[in-house]
Every structure is written in structure tokens, then in C-alpha cells.
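In what follows, a structure is listed as C-alpha cells, so that the remarks can point back to it.
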Amino acid sequence: MTDFSAAMTGGQTFQLSGRPARHTVLFFYPKDNTPGCTTENMAFRDLYEQFQAAGTEIYGISRDSLRSHESFKTKLGLPFELISDPDEALCQQFGVMKMKQMYGKTVRGIERSTFVIDATGQLVKEWRGVKVAGHVDEVLEFVARQA
Numbered sequence: 001m002t003d004f005s006a007a008m009t010g011g012q013t014f015q016l017s018g019r020p021a022r023h024t025v026l027f028f029y030p031k032d033n034t035p036g037c038t039t040e041n042m043a044f045r046d047l048y049e050q051f052q053a054a055g056t057e058i059y060g061i062s063r064d065s066l067r068s069h070e071s072f073k074t075k076l077g078l079p080f081e082l083i084s085d086p087d088e089a090l091c092q093q094f095g096v097m098k099m100k101q102m103y104g105k106t107v108r109g110i111e112r113s114t115f116v117i118d119a120t121g122q123l124v125k126e127w128r129g130v131k132v133a134g135h136v137d138e139v140l141e142f143v144a145r146q147a
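So this is what it looks like as C-alpha cells:
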């Protein structure tokens with residue numbers, strides 16, 4: 001996996017190399033303050049302590065601005081940081097930009113996807129075209145088995 005850095009909430013910069021966690025979960029979602037994305041972020045929030053117990057850090061990524069992310073994070077009380085990818089550099093690196101149907105129109109957007117990267121920077125698991133229901137439990141189960 002190619003190292004990268006990106007701006008994230010809390011005035012911080014995410015850097016893939018040197019992550020102290022055994023595992024890093026990067027979940028790409030389409031847009032702040034939309035129903036599915038809100039539900040997914042809340043599910044990661046609600047299981048955050050269990051992810052921490054499994055030595056796993058979580059980061060949400062979308063094309064939204066840092067300002068939008070800060071507001072979304074505060075509104076939902078998220079204990080993890082959100083990464084802003086307005087130029088789609090990370091979306092391209094992970095291949096999550098897709099043409100999809102939305103309200104009867106074809107639009108280009110982020111395909112909901114989750115990636116688990118180990119402490120050495122190797123991609124060890126990916127989920128693409130994620131359905132929100134039950135997904136976060138599945139990710140937690142995977143990282144807990146790796147611990």
C-alpha cells in the first residue's frame with residue numbers, strides 16, 4: 001500500500017506510515033449528513049470502544065470539506081477523526097469512485113467501501129459496495145479475530 005497523508009478533523013494530518021494501531025480501518029462514505037452515511041458513522045461510533053480494545057483505529061473518508069466534517073463529527077459525537085478528500089486523491093488510490101444510480105439519475109460518487117490496513121501498512125481486508133446494516137459488526141469481528 002502506498003503511503004499517503006491527508007487533512008483530517010481536529011486540525012490534524014493523517015499519515016498512513018507510522019500508525020501505532022495494530023489495524024487501521026478506513027471507511028469511505030458518500031456524503032456527510034445523509035441518512036446512510038449518518039447511520040454508518042453512528043455504528044462505528046457505537047462500537048468504537050470495542051474497536052479500540054482490538055487495537056484498531058477508525059477513520060471516515062469522504063469528499064466533504066473539513067468544515068463539513070467538523071460539524072458532522074460534533075453533531076454525531078464521533079470519537080474518531082474524519083478525513084477530507086476533496087480532490088479525490090484517496091478515492092482514486094482506493095478505486096472507490098463509481099457511476100451509480102441515485103433517484104433515477106446516473107451520478108459519479110463514492111461507492112461505500114471499507115478497508116483494513118495492518119500495522120505494516122498492508123491491506124488485509126476490503127469490503128466494496130457495502131450495505132450499512134450489519135457491516136460495522138462484520139468489520140469488528142474481522143479485526144477482533146486478527147488481534
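Position 100 of the sequence shown, counting from 1, maps to 100 under full-length UniProt numbering, and the rest follow consecutively.
Backbone N, C-alpha and C fix where the C-beta goes; we use that ideal spot for every residue, glycine too.
Computed from a predicted model, the values in this text were never measured in an experiment.
Supposed close pair residue i, residue j - CB separation, criterion 8 Å
i	j	result
GLN12	GLU81	6 Å
LEU26	TYR48	Not really, about 15 Å apart at Cβ, beyond 8 Å.
LYS35	GLY109	One point to set straight first is that residue 35 is Pro, not Lys, in the sequence displayed. With 8 Å as the limit, PRO35 and GLY109 do not qualify as a contact, their Cβ atoms being about 15 Å apart.
THR56	HIS23	4 Å
ARG45	GLY77	7 Å
PRO86	SER65	6 Å
Helix, strand or coil at residue i according to DSSP, with G and I counted as helix
i	result
SER113	strand
VAL136	helix
Closest Cα partner of residue i within the set the options
i	options	result
PHE4	LYS125, GLU141, ILE117 and ALA54	ILE117
GLY129	LYS98, SER62 and ARG63	LYS98
THR39	THR56, HIS135, GLU57 and LYS105	HIS135
GLY10	MET1, ASP46 and SER84	SER84
ASN41	PRO20, GLU141 and ILE61	ILE61
LEU140	PHE51, ARG19 and HIS69	PHE51
ARG63	PRO79, THR74 and ASN33	ASN33
Cβ shell of residue i (< 7 Å), same chain only, five flanking positions each side left out
i	result
VAL107	LYS100
GLN122	MET1
Residues near residue i in its chain [Cβ-Cβ closer than 6 Å; skip 5 each side]
i	result
TRP127	THR114
ASP137	none
LYS125	VAL116 and PHE142
The ligand NAP heavy atom lying under 7 Å from the CB of residue i
i	result
ASP3	By its list of ligands, the structure shown contains no ligand whatsoever, and the ligand NAP lies outside what it can speak to.
Chain-order list of residues whose beta-carbon lies under 8 Å from that of residue i (same chain, five-residue window excluded)
i	result
SER17	ASP3 and GLY121
Counting only runs of 4+ residues fully inside the UniProt domain "Thioredoxin" (1-147), write out the alpha helix (DSSP H) ranges in chain order.
35-46, 48-53, 66-76, 89-94 and 135-146
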